[in-house]
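*Asks:*
Number of protein chains: 2
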Amino acid sequence: MHNKKDHITPGLFRIKAQDGRARRATLHTAHGPVETPVFMPVGTAGSVKAVAPDDLLAIGAGIILGNTYHLYLRPGDELVARHGGLHQFTAYPGPFLTDSGGFQVFSLSALRKITEEGVVFNSHLDGGRHLFTPEKVVRIQRNLNSDVMLALDECVAYGSSREYTEKSVRLTSRWALRSLDAYHAGQAEARSDNLLFAVTQGGFFTDLRKASVEDLCCRDFAGFAIGGLSVGEPKDEMYAMLDFTAALLPRDKPRYLMGVGTPLDIVTGISLGIDMFDCVLPTRNARNGTLYTSRGKINIKRREYADDDRPLDEACNCYTCRGFSRAYLRHLFVSGELLALRLNSIHNLAYFIDLTRRARASIENNTFDRFKAEIESVFQVTTDIRIEK
Amino acid sequence: MHNKKDHITPGLFRIKAQDGRARRATLHTAHGPVETPVFMPVGTAGSVKAVAPDDLLAIGAGIILGNTYHLYLRPGDELVARHGGLHQFTAYPGPFLTDSGGFQVFSLSALRKITEEGVVFNSHLDGGRHLFTPEKVVRIQRNLNSDVMLALDECVAYGSSREYTEKSVRLTSRWALRSLDAYHAGQAEARSDNLLFAVTQGGFFTDLRKASVEDLCCRDFAGFAIGGLSVGEPKDEMYAMLDFTAALLPRDKPRYLMGVGTPLDIVTGISLGIDMFDCVLPTRNARNGTLYTSRGKINIKRREYADDDRPLDEACNCYTCRGFSRAYLRHLFVSGELLALRLNSIHNLAYFIDLTRRARASIENNTFDRFKAEIESVFQVTTDIRIEK
Chain A
1 MHNKKDHITP
11 GLFRIKAQDG
21 RARRATLHTA
31 HGPVETPVFM
41 PVGTAGSVKA
51 VAPDDLLAIG
61 AGIILGNTYH
71 LYLRPGDELV
81 ARHGGLHQFT
91 AYPGPFLTDS
101 GGFQVFSLSA
111 LRKITEEGVV
121 FNSHLDGGRH
131 LFTPEKVVRI
141 QRNLNSDVML
151 ALDECVAYGS
161 SREYTEKSVR
171 LTSRWALRSL
181 DAYHAGQAEA
191 RSDNLLFAVT
201 QGGFFTDLRK
211 ASVEDLCCRD
221 FAGFAIGGLS
231 VGEPKDEMYA
241 MLDFTAALLP
251 RDKPRYLMGV
261 GTPLDIVTGI
271 SLGIDMFDCV
281 LPTRNARNGT
291 LYTSRGKINI
301 KRREYADDDR
311 PLDEACNCYT
321 CRGFSRAYLR
331 HLFVSGELLA
341 LRLNSIHNLA
351 YFIDLTRRAR
361 ASIENNTFDR
371 FKAEIESVFQ
381 VTTDIRIEK
Chain B
390 MHNKKDHITP
400 GLFRIKAQDG
410 RARRATLHTA
420 HGPVETPVFM
430 PVGTAGSVKA
440 VAPDDLLAIG
450 AGIILGNTYH
460 LYLRPGDELV
470 ARHGGLHQFT
480 AYPGPFLTDS
490 GGFQVFSLSA
500 LRKITEEGVV
510 FNSHLDGGRH
520 LFTPEKVVRI
530 QRNLNSDVML
540 ALDECVAYGS
550 SREYTEKSVR
560 LTSRWALRSL
570 DAYHAGQAEA
580 RSDNLLFAVT
590 QGGFFTDLRK
600 ASVEDLCCRD
610 FAGFAIGGLS
620 VGEPKDEMYA
630 MLDFTAALLP
640 RDKPRYLMGV
650 GTPLDIVTGI
660 SLGIDMFDCV
670 LPTRNARNGT
680 LYTSRGKINI
690 KRREYADDDR
700 PLDEACNCYT
710 CRGFSRAYLR
720 HLFVSGELLA
730 LRLNSIHNLA
740 YFIDLTRRAR
750 ASIENNTFDR
760 FKAEIESVFQ
770 VTTDIRIEK
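Taken in order, these protein sequences are the chains called A and B. Going by our numbering, the first sequence opens with residue 1, and the numbers climb by one from there. Going by our numbering, the second sequence opens with residue 390, and the numbers climb by one from there.
(1) Which class does A/A151 belong to by DSSP, given the choice of helix, strand or coil?
(2) So which residues on chain A does B/A414 lean against when the C-beta distance must stay under 7 Å?
(3) If we ignore side chains and look at the alpha-carbon of each, how far apart do B/L618 and B/Q493 end up?
(4) In the DSSP assignment, what are the bridge partners of A/M276?
(5) Since A/E35 and A/R302 are thought to touch, with beta carbons under 8 Å apart, how far apart are those beta carbons, to the nearest angstrom?
(6) Taking all protein chains shown into account, do 16 or more other C-beta atoms lie within 10 angstroms of the C-beta of A/I270, making it buried, or fewer, making it exposed?
(7) Can you check whether the CB of B/D536 is closer than 8 Å to the CB of B/P484?
(8) Which of the three DSSP states is assigned to A/R82 in this structure?
(9) From the DSSP secondary-structure annotation, give me the bridge partner or partners of B/G408.
(10) In this structure, how does DSSP classify A/N143 when only helix, strand and coil are distinguished?
(11) Say whether the stretch 567-579 of chain B touches the stretch 516-533 of chain B, bearing in mind that this needs 3 or more beta-carbon pairs closer than 8 Å, one atom from each stretch.
(12) Grab me the residues of B/E765's own chain with a C-beta within less than 8 Å of its C-beta, minus the 5 sequence neighbours each way, in chain order.
(13) What does a CB cutoff of less than 6 Å around B/T504 pick up in its chain, not counting 5 residues either side in sequence?
(14) Can you check whether the C-beta of A/G46 is within less than 8 Å of a C-beta belonging to chain B?
(15) On the premise that B/T589 lies in contact with B/L781, defined as a C-beta separation below 8 Å, what is that separation, rounded to the nearest angstrom?
(16) Let me know the secondary structure DSSP gives B/V656 once reduced to three states.
(17) Output needed for A/L272: all residues of its chain with C-beta closer than 7 Å, excluding positions within five of it in sequence on either side, in chain order.
(18) Is there a C-beta anywhere in chain A that falls below 8 Å from the one on B/M390?
(19) With respect to the beta strand (DSSP E) encompassing B/L680, which residues constitute its N-terminal and C-terminal limits?
(20) Any beta-carbon of chain A closer than 8 Å to the one on B/E693?
(21) Does DSSP put B/F521 in a helix, in a strand, or in coil?
(22) With DSSP collapsed to three states, give me the class of A/K297.
(23) Could you tell me the alpha carbon to alpha carbon distance between B/D773 and B/A587, rounded to whole angstroms?
(24) In this structure, does DSSP put A/V138 in helix, strand or coil?
(25) DSSP on A/N365, reduced to helix/strand/coil?
(26) Answer with buried or exposed for B/D758, where buried requires no fewer than 16 other C-beta atoms within 10 angstroms of its C-beta.
(27) Out of A/S100, A/A327 and A/S294, which one is the CA nearest neighbour of A/N317?
(28) What does a CB cutoff of less than 6 Å around A/G60 pick up in its chain, not counting 5 residues either side in sequence?
(29) Assess contact between the stretch 458-474 of chain B and the stretch 424-441 of chain B, defined as three or more Cβ pairs (one per stretch) separated by less than 8 Å. Is contact present?
(30) Classify B/L401: buried if its beta carbon has 16 or more other beta carbons within 10 angstroms, exposed otherwise.
(31) Identify the continuous beta strand (DSSP E) that holds B/T356 and give its terminal residues.
(32) I'd like to know whether the C-beta of A/T98 is nearer than 8 Å to at least one C-beta of chain B.
(33) Closer than 7 Å by C-beta to A/D309: which residues in its own chain qualify, once you throw out the five before and the five after it? Chain order, please.
(34) Starting from the Cα of B/S496, find the closest Cα among B/T672, B/V620, B/I687 and B/E703 and give me that residue.
(35) Within 10 angstroms of the Cβ of B/A565, are there 16 or more other Cβ atoms? Answer buried if so, exposed if not.
(36) Using a Cβ cut-off of 7 Å, pull out every chain B residue sitting near A/R342, in sequence order please.
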């Protein structure tokens with residue numbers, strides 16, 4: 001959380017402890033320090049779905065992700081700028097990271113055309129035609145006053161050919177360098193000290209992953225993201241490529257695995273040296289009634305919870321678990337009450353935030369392996385478990 | 390709010406001030422005093438839609454309404470009883486009033502058959518057949534541990550004949566007396582000191598309204614509701630019948646106008662001596678983007694708010710108005726964000742709660758007429774007003 005007294009130059013990344021490849025660090029931003037490894041709740045359109053800023057503060061969430069693509073289209077980055085940037089507009093005082101928009105252009109937009117200049121796409125809202133260039137995407141994120149901005153990249157689909165992926169990697173590298181030039185050119189008028197990360201790509205080809213990192217890692221980006229994973233590939237392929245790529249990234253910069261993932265993915269990522277994660281999983285699953293607990297995943301819809309007066313997770317201290325029974329949570333969910341969506345979302349976010357908090361403590365204590373084994377034993381059973389009375 | 394130190398025998402109704410026919414009083418319940426005139430947020434299925442108990446406490450809401458019909462069908466009054474009654478089940482510590490179920494049986498149920506014994510109806514959820522008798526409805530509300538219970542009544546439709554209404558009034562009276570017998574018989578085993586109100590009916594016939602009151606007002610009900618108004622009649626007819634009926638009710642018992650209404654209806658009701666109100670209007674309108682402010686009703690969807698950085702209502706101190714701009718609230722609403730529904734609901738509830746708080750203060754100061762005139766001047770314009778810059 002932002003604390004004026006402790007203000008340190010944004011971009012400074014201090015590794016405090018290491019346990020195997022797992023790292024415990026602090027990334028300083030213009031809106032306060034980010035303790036890593038960190039899970040970033042996703043606030044696509046400037047709101048983490050179903051929860052409010054006070055909920056996020058109560059959970060102990062730190063940095064929030066906003067989607068550049070969505071915010072550019074609605075309400076518009078210039079409107080957000082007129083309202084003081086994302087922090088003031090959304091009334092969340094902590095740091096924001098915004099993605100490059102690349103992934104959304106490729107996943108949400110019906111039509112798109114990539115050229116050297118950038119990518120032309122049609123809005124998923126009204127079909128309107130838009131152009132993203134590396135320079136424009138930096139400008140949009142400056143308007144949002146994002147603490148951590150990402151350079152425009154192309155996210156190639158799983159199964160793309162080597163030839164296509166190679167061309168794409170080089171284009172992403174050229175776009176990243178143009179982003180960096182635009183970043184430096186805009187520093188003087190910036191509202192605050194926004195940081196710029198590059199996104200490494202390379203699909204599922206190790207030599208292209210290596211080429212991407214080599215193109216980018218010697219430049220003065222504040223951190224490096226790993227893009228193009230968790231796009232439909234088998235889990236072991238993702239883990240192998242993550243293992244390979246994470247090891248190539250510079251030790252002294254934060255590493256961000258985009259759009260990942262489950263608690264198992266997160267502890268695996270941490271074990272391979274990843275510092276930052278984001279995913280819609282906790283909030284999306286909350287809205288479907290799937291809840292993460294210290295005993296595994298449960299579906300609150302199930303009849304077995306109808307008369308269960310215990311809290312959702314006795315190991316959890318969130319507002320939901322402190323105040324409400326499983327019986328009431330089930331009743332709210334099956335009755336279609338909006339409160340169910342908020343209470344479920346608060347709990348799932350608290351679970352993910354607490355997961356990374358515990359990971360940080362275990363790295364400090366050199367007990368990360370044991371912590372990882374605990375999470376693995378809880379989540380190896382991928383179907384809903386029955387929590388016995 | 391509940392305060393053990395100030396615990397006074399439930400049912401005690403103390404009038405503290407009077408200004409014309411408007412009364413400022415306190416109704417003591419097993420879960421704390423209710424300061425009247427009071428607006429009761431509607432928590433149909435045990436949740437005031439889109440808000441949580443902490444929101445209600447922050448707004449300063451006192452007594453909450455639960456719908457007996459809904460809670461009986463889902464999750465079931467016996468389940469609620471096993472979980473400590475409504476207060477413990479829903480985690481709201483303040484008083485609850487539950488209605489008789491009569492209105493819902495007549496408005497939601499596809500099939501119903503009224504006999505001397507009670508009313509047979511089909512659930513709107515699964516079509517299942519159920520019977521409500523006066524005795525059963527008291528038992529259900531005891532299971533809910535309602536602080537203020539209502540006797541089963543028949544709510545006749547607007548336009549019902551004199552003949553039908555007369556028969557119905559007499560049946561409602563007989564049901565009320567059976568309810569009172571069941572109430573007394575059950576007092577010994579009650580979890581707490583639940584109060585029982587009778588519902589007066591009589592359609593739009595003054596002599597039948599009078600007959601209904603005369604049948605019931607000499608009995609030891611803790612209070613009297615006026616039912617069968619706001620069922621589709623013109624406003625002046627409602628006000629005339631309310632004026633007539635309120636004047637007949639005993640001075641020393643609380644008077645509750647069921648299912649009403651707008652800010653104008655509420656100040657009119659207060660001016661005629663009504664103490665208690667409930668309505669879905671603030672929460673339902675909030676979910677449609679219609680918001681009540683000190684300057685009138687506004688629709689937050691309108692483009693004119695897109696770039697408006699002022700709070701929704703500068704005269705309001707709710708979480709929504711303290712923290713968020715109209716521009717952000719409009720963005721959330723047009724983007725379909727769930728947070729919009731909570732923030733809008735918090736504000737509208739705060740408006741209605743504050744309306745009755747101000748009414749109470751004005752009665753104490755003998756300035757109720759001026760307060761009523763202020764509210765009338767704000768809401769005479771029934772279309773959306775434009776709040777100028």
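The beta carbon of each residue, even a glycine, is placed where N, CA and C say it ideally should be.
*Replies:* On the basis of the supplied data:
(1) coil
(2) What B/A414 touches in chain A: nothing, since even the nearest Cβ is about 32 Å away.
(3) 14 Å
(4) A/V38 and A/Y256
(5) Not really, about 36 Å apart at Cβ, beyond 8 Å.
(6) buried
(7) yes
(8) helix
(9) As written in the sequence, residue 408 of chain B is Asp, which differs from the Gly given in the question. Note: B/D408 sits in a beta bridge opposite B/A411.
(10) helix
(11) yes
(12) L653 and V656
(13) none
(14) yes
(15) There is no way to answer for residue 781 of chain B, as the model of chain B reaches only from 390 to 778.
(16) helix
(17) R21, L242, D243 and A246
(18) Any reading at B/M390 must be qualified, since the residue scores a pLDDT of 44, below 50, and its modelled position is unreliable; no value is offered.
(19) T679 to T682
(20) no
(21) strand
(22) strand
(23) Low confidence applies to B/D773: its pLDDT is 49, below 50, so where it sits in the model is not reliable, and the reading given next is rough at best. In a straight line, the C-alpha of B/D773 is about 38 Å away from that of B/A587.
(24) helix
(25) coil
(26) exposed
(27) A/S294
(28) I353
(29) yes
(30) exposed
(31) This structure leaves residue 356 of chain B out entirely; chain B is present only between 390 and 778.
(32) no
(33) S325 and A327
(34) B/V620
(35) buried
(36) A441 and R731
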